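For the sequence shown, position 62 matches number 62 in our numbering, and the numbering has no gaps at all.
Just so it is clear, CB atoms sit at the ideal spot from N, CA and C, and this is done for glycine as well.
The model shown is predicted, which means the values in this text are computed figures rather than measured ones.
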Amino acid sequence: MKKKFSKKELVDFKKKILKRKEEILDSIKHISDDTLKKSQKDAAGDISGYTYHMADVATDTYDREFSLGLASNEREALYELDDALKKIDEGTFGICEECKSPIAKNRLKAVPYARLCVKCQERKEKR
């Protein structure tokens, strides 16, 4: 198979992936700081000694679960980005995992951790 990317292009993709990883790690840290390190009372801004209304507790619980869901999605993206970095090192970056064809550069610029070419991705989404 013909080499698809120049060294400079691979370095650029690597920089883009590392920058995205840094953004995600920062986002996870903020979610963690805002959600996990505060008690429900602190999160609600309640400094009184009064008990919570059930609706307030439910809203706070929903907000926490939503934030934890976001953090989970961000962690999944981190795994994808780590895999893309591994592929760069192995020389398999930009090759569709299904059909083994090159993935379009524009697709990789938008989604640097793409595993599939557009055609294979469309087929997967139809299933």
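Whole-Å CB distance - residue i paired with residue j, under 8 angstroms assumed
{"i": "P112", "j": "I31", "result": "So it is not a contact: roughly 22 angstroms between Cβ atoms."}
{"i": "K126", "j": "L116", "result": "Incorrect: roughly 13 angstroms between the Cβ atoms, too far for contact."}
{"i": "K119", "j": "L81", "result": "K119 to L81, Cβ: 23 angstroms. No contact."}
Nearest neighbour of residue i, chosen from the options [CA to CA]
{"i": "D60", "options": "D34, E74, S27", "result": "D34"}
{"i": "V11", "options": "L78, K109, I24, A58", "result": "K109"}
{"i": "D83", "options": "E125, K7, K4, F13", "result": "F13"}
{"i": "L25", "options": "N106, E90, A77", "result": "A77"}
{"i": "F5", "options": "Y79, D89, E122", "result": "D89"}
{"i": "L85", "options": "K100, K7, K15", "result": "K15"}
Secondary structure of residue i, DSSP reduced to three states
{"i": "Y79", "result": "helix"}
{"i": "I95", "result": "strand"}
{"i": "M1", "result": "In this predicted model, M1 has a pLDDT of only 45, less than 50, meaning its place in the structure is not dependable; the value taken from the coordinates is given anyway. Coil, per DSSP."}
Answer yes if the region 94-108 comes into contact with the region 63-82, meaning at least three C-beta pairs across the two stretches below 8 angstroms, and no otherwise.
-> No, the region 63-82 does not touch the region 94-108.
Every unbroken alpha helix (DSSP H) within the region 9-37, with a cutoff of 4 residues, ordered by chain | Whole alpha helix (DSSP H) segments, 4+ residues: zero.
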